[in-house]
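Heads up: the structure comes next, in structure tokens.
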Amino acid sequence: MLDKGRIILYLSAIIRQPVRGSSGEIVGRMTDMVVRMTEAETFPPVAGLVTAIVGRSRHRFFIHATDIAEISEQGVRLKTDNFNLAPFTRRDSEVLLGKDVLDKQLVDINGRRVIRVNDVTLTRQPNGAGYRVAGVDVSAASLVDRLGLRRLAAGMQREVIPWDSVQFFASEVPVVKLKLSYDKLARLHPADLGEIIGDLGYQQGGEMIAALAETHGDELAADMIEELDAELGAAVISAMDVEDAADIIEEMETDEAADLLAELPPEQAEDILEAMEEEEAEDVRELLQYEEDTAGGIMTNEYLSLSPALTVGTALARLRAAELPEFTYYLYILDDTETLLGVVSLRGLLQAQDDQTLGEIMIPAASVFTAQVNERAREVAETMLHYDLLAMPVLEDGRLVGIVQTHDALERLIPDESQRSFFGGAR
Amino acid sequence: MSERTPWLALVSRRVRGAGRRPRRPGWLKYLAVLGPGIIAAAAGNDAGGITTYSTVGAQYGYQLLWAMVLITVSLIVVQEMVARLGAVTGKGLSDLIREQFGVRWTAFAMLALLVANAGTTTSEFAGVAAAMELFGISKYISVPIAAVMIWWLVARGSFGRVERLFLAMSLIAVTYIVSAFLARPDWGAVLSHTVVPTVRWDAGFLVMFVALVGTTITPYMQIYQQSSIVEKGITARDYGLARVDVITGVLFSDLVSYFIIVATGATLFFQGTRVETAADAAAALAPVAGPFASTLFAVGLLGASVLAAGVLPIATAFPICEAFGWEAGMSRDMADAPVFYGIFTSMILVSALVTLIPGLPLIQLQIVVQVINGLLLPIELVFITLLASNHELLGRFTNGRGFAILAWTTTLVVGVLALALVVITVVLPIFGIQLG
Chain A
1 MLDKGRIILY LSAIIRQPVR GSSGEIVGRM TDMVVRMTEA ETFPPVAGLV
51 TAIVGRSRHR FFIHATDIAE ISEQGVRLKT DNFNLAPFTR RDSEVLLGKD
101 VLDKQLVDIN GRRVIRVNDV TLTRQPNGAG YRVAGVDVSA ASLVDRLGLR
151 RLAAGMQREV IPWDSVQFFA SEVPVVKLKL SYDKLARLHP ADLGEIIGDL
201 GYQQGGEMIA ALAETHGDEL AADMIEELDA ELGAAVISAM DVEDAADIIE
251 EMETDEAADL LAELPPEQAE DILEAMEEEE AEDVRELLQY EEDTAGGIMT
301 NEYLSLSPAL TVGTALARLR AAELPEFTYY LYILDDTETL LGVVSLRGLL
351 QAQDDQTLGE IMIPAASVFT AQVNERAREV AETMLHYDLL AMPVLEDGRL
401 VGIVQTHDAL ERLIPDESQR SFFGGAR
Chain B
1 MSERTPWLAL VSRRVRGAGR RPRRPGWLKY LAVLGPGIIA AAAGNDAGGI
51 TTYSTVGAQY GYQLLWAMVL ITVSLIVVQE MVARLGAVTG KGLSDLIREQ
101 FGVRWTAFAM LALLVANAGT TTSEFAGVAA AMELFGISKY ISVPIAAVMI
151 WWLVARGSFG RVERLFLAMS LIAVTYIVSA FLARPDWGAV LSHTVVPTVR
201 WDAGFLVMFV ALVGTTITPY MQIYQQSSIV EKGITARDYG LARVDVITGV
251 LFSDLVSYFI IVATGATLFF QGTRVETAAD AAAALAPVAG PFASTLFAVG
301 LLGASVLAAG VLPIATAFPI CEAFGWEAGM SRDMADAPVF YGIFTSMILV
351 SALVTLIPGL PLIQLQIVVQ VINGLLLPIE LVFITLLASN HELLGRFTNG
401 RGFAILAWTT TLVVGVLALA LVVITVVLPI FGIQLG
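Protein chains in written order, with my numbering: chain A, 1 to 427; chain B, 1 to 436.
Here it is in structure tokens:
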């Protein structure tokens, strides 16, 4: 769409340059450039110029793109000498390149990172079709250039990222309505998106997650929030509408959801729980009652439980039809009072005969490592590490209330990167 | 369970790499998670702070106590603004300066920050040197060791693990409150000087006033405060609690500062001692610690100095890199984040080297640094006040009219003070005029 040989204009070089009418007389100075951003435009077209009248620097008027003959570093030349001097007002879908894009943060999709816009590049369309945004310059050269050291900048390498691989945020322009596509972001792994949200802050993060939830489903949004730490996740959630927040939290694993809600002010957490489906909310509430640093605080209450009288064949058929939790490797065999009788591994299940009952093939509870609900989280983690356990059932008065999974336990032993490097030597 | 499974191979994708939930790439993770208020308290009473308050007390007795009251109000106003900016926008101060004022103003603001922080770091190493000299250890030994240790801890991202130790040591400054009472000051005089301003238009007085402002409203504290609000995920909704934390932090910090002046005023001023060495300053703790005053003082000073010397390079390199969009953080290696490593390494190196200049008077050096901070402070205050008054940015959290007046008054007074000092100490002498 934009061929590479075309003349590239830098926004910083043309902003504040004089605007001349067709007669050559200076009518004003360009103070900013208006582009239209919609879901359909990959490279936003220039809609016009904001211009300050000579001698009345506070008065701004709008010059429509169709009146522009040429834009160059020497200034703007127009096709006409007649303009409407009515004061400039902003309209929906319109973004000011200088005010809203320059110096702001965007996401570089291919580089999976947050970048800062040091300059914006523009190209001219063939056949008088006007100008469009081509990309953003993120190089140090453009910084040096804008500091006024043009000679120095000329010898430095530029780095321009094309506009079709960056993501701009509507929240940078709160004064107008802006409908943007966030599809590009969905190409990134939730873990990378999580890190990007960390760089952007909760406002843009909230916008990004809400938009992706709408177009790509709450599940993706939930995955992204699970990648944030609970404090930032809570901030992002609190920037969103309660109903949207509730829909996303329903899709999260219950233990993650509980960790996140625990970070919110109680009334706000309550509002979200009220808005959630009753069953999901109940599971989360159950987890919220346990202390953070105990087995109860790190366990999840989503696990597979079956009765001992079932045959292997029936069990397999049920599993195929069921909506499965994240952790499926162990099936927990419970009696009517939810007392743990034993454990069947997926492997054991697959290799057993169809007509055997689960009670026959299970590892009895007495030889299974279990934790008490108020046991210290760190001790649970150490036990799991020592005995190479994938998951550990958590009991309260003999009843099964949840399971601790390896990744939750691991988090207790290596809470963050900085501590890991302290224990583990070189990074 | 009987199966032995190599558990790492089987767990979900999330466990691989950085652990399950990668922490945000923000920079405060390199420091321990403490209330910003407590850190504020400690940083307000860093090496430069203790030295300045001691010198003020020794030289002018209680005469500048009223200034502490006004400075405290100003500090609350300033810290409240940055906390609000952080909570509402979710962005750091340097980010906002870049986004709202463009490249040139950002370069100017960041240069001011770099100079102020490099100076403050120098005063922290001077603090380390002074403290260790009280134990009879030469600065040529203590400063290089401290510099290497701090660089190592910062570069490895492990400073947060030792932070509490130095914080605890620095809290020894609280004993000044006890010492002030035991010294039986004339409370009537203390009270009247707290309420009734004494103003003298001589250079020495003005220098101490600006140093007092510069060390209490330390420029890096604003950057630190805002980032900690952002990284703790505090939002516009739960901002109310953060405001309480900010105000308590400032009050606690300045209460200690106030009593350092009272304690030194009640002891050194009346003995006619000038603070020329750390040992002189330590004598103000004699009422509470007797013969151990010097040891107590040295331990407190060492803790405060190392704490701030570790925080400062982080609180400089991160905001500068964030403002210009350069890679930052200890999770990147040196080749990926050359500017980041360059800034904090050269800050530690240069500061330590300056401290090692033979014959450099450590106490005076620290006062000079606080004066420079005081001179640079108005620059940062203008940016902060403009940002906090920007309705497009903060919406209903924008400075109200009354608050705006208070904020601009603070900025103006600090600016006028800085200007007056420059005029009296630099411009007038050129014309052969000498005041005081």
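We treat Cβ as the ideally placed atom computed from N, Cα and C, and that holds for glycine.
Predicted, not measured: the structure shown is a model, and the values here were computed from it.
- Using beta-carbon distances, residue 104/B counts as an interface residue toward chain A, with a partner under 8 angstroms.
- The C-beta of residue 163/B comes no closer than 8 angstroms to any C-beta of chain A.
- Close to residue 238/B, with beta-carbon spacing below 7 angstroms, are these residues of chain A in chain order: 265.
- Note on residue 94/A: 16 or more other CB atoms within 10 angstroms of its CB, so buried under the neighbour-count rule.
- Between residue 8/A and residue 134/A, the CB-CB gap stays under 8 angstroms.
- Distance from residue 167/B to residue 159/B at the Cβ level is roughly 12 angstroms; contact not present, criterion being Cβ atoms closer than 8 angstroms.
- Residue 312/B is not a Cβ neighbour of residue 72/B, given a cutoff of 8 angstroms.
- Where residue 403/A is concerned, the enclosing beta strand (DSSP E) starts and stops at 399-405.
- Interface residue (Cβ-Cβ distance to chain B less than 8 angstroms): residue 115/A is classified as such.
- The C-beta distance from residue 340/A to residue 334/A rounds to 6 angstroms, short enough to fall under 8 angstroms.
- The Cβ of residue 231/A sits closer than 8 angstroms to at least one Cβ of chain B.
- When secondary structure is reduced to three states using DSSP, residue 49/A falls in the strand class.
- At the C-beta level, residue 354/B and residue 214/B stay beyond 8 angstroms of one another.
- Secondary structure at residue 223/A: helix, using DSSP grouped into helix, strand and coil.
- The CB of residue 107/B comes closer than 7 angstroms to the CB of 147 in chain A, given here in chain order.
- Spatial neighbours of residue 61/B in its own chain (CB-CB distance under 7 angstroms, excluding positions within 5 residues in sequence) are listed in chain order as 265 and 269.
- Listed along chain A, no residue sits closer than 9 angstroms to residue 82/B by beta-carbon distance, the nearest being about 15 angstroms off.
- With respect to the 8 angstroms criterion, residue 260/B and residue 50/B are classified as neighbours on the basis of their beta carbons.
- Along the segment 142-168 of chain A, going in chain order, the ones with a CB nearer than 7 angstroms to a CB of chain B are 143, 146 and 147.
- The alpha carbon of residue 392/B has as its nearest neighbour, out of 390/A, 175/A, 291/A and 207/A, the alpha carbon of 175/A.
- Between residue 303/B and chain A, the shortest Cβ-Cβ separation is not below 8 angstroms.
- Secondary structure note for residue 75/A: its beta strand (DSSP E) is the uninterrupted segment 75-78.
- Taking every protein chain shown into account, the CB of residue 361/B has fewer than 16 other CB atoms within 10 angstroms, so this residue is exposed.
- Of all alpha-carbon atoms in 143/A, 398/A, 268/A and 49/A, the one lying nearest the alpha-carbon of residue 132/A is that of 49/A.
- Separation of the CB atoms of residue 344/A and residue 358/A is rounded to 6 angstroms, and the pair is thereby assigned contact status at 8 angstroms.
- Note that the C-beta distance between residue 411/B and residue 381/B is below 8 angstroms.
- With contacts defined by Cβ atoms closer than 8 angstroms, residue 376/B and residue 107/B do not form a contacting pair.
- Against residue 372/A, chain B offers no close residue; the least beta-carbon distance is about 18 angstroms (beta-carbon pairs closer than 9 angstroms).
- Between the segment 166-174 of chain A and the segment 104-115 of chain A, the count of C-beta pairs closer than 8 angstroms reaches three or more; the two stretches touch.
- In the DSSP assignment, residue 105/A falls within the unbroken beta strand (DSSP E) covering 105-108.
- For residue 114/A, the enclosing beta strand (DSSP E) begins and ends at 113-116.
- Per DSSP, the continuous alpha helix (DSSP H) segment holding residue 192/B begins and ends at 187-195.
- Residue 172/B holds the alpha-carbon nearest to the alpha-carbon of residue 292/B among 303/B, 383/B, 220/B and 172/B.
- What residue 130/A touches in chain B, judged by beta-carbon distance under 9 angstroms, is nothing: the nearest beta carbon there is about 26 angstroms away.
- At the C-beta level, residue 327/B and residue 92/B stay beyond 8 angstroms of one another.
- Judged by DSSP secondary structure, residue 391/A falls within the beta strand (DSSP E) whose first and last residues are 391-396.
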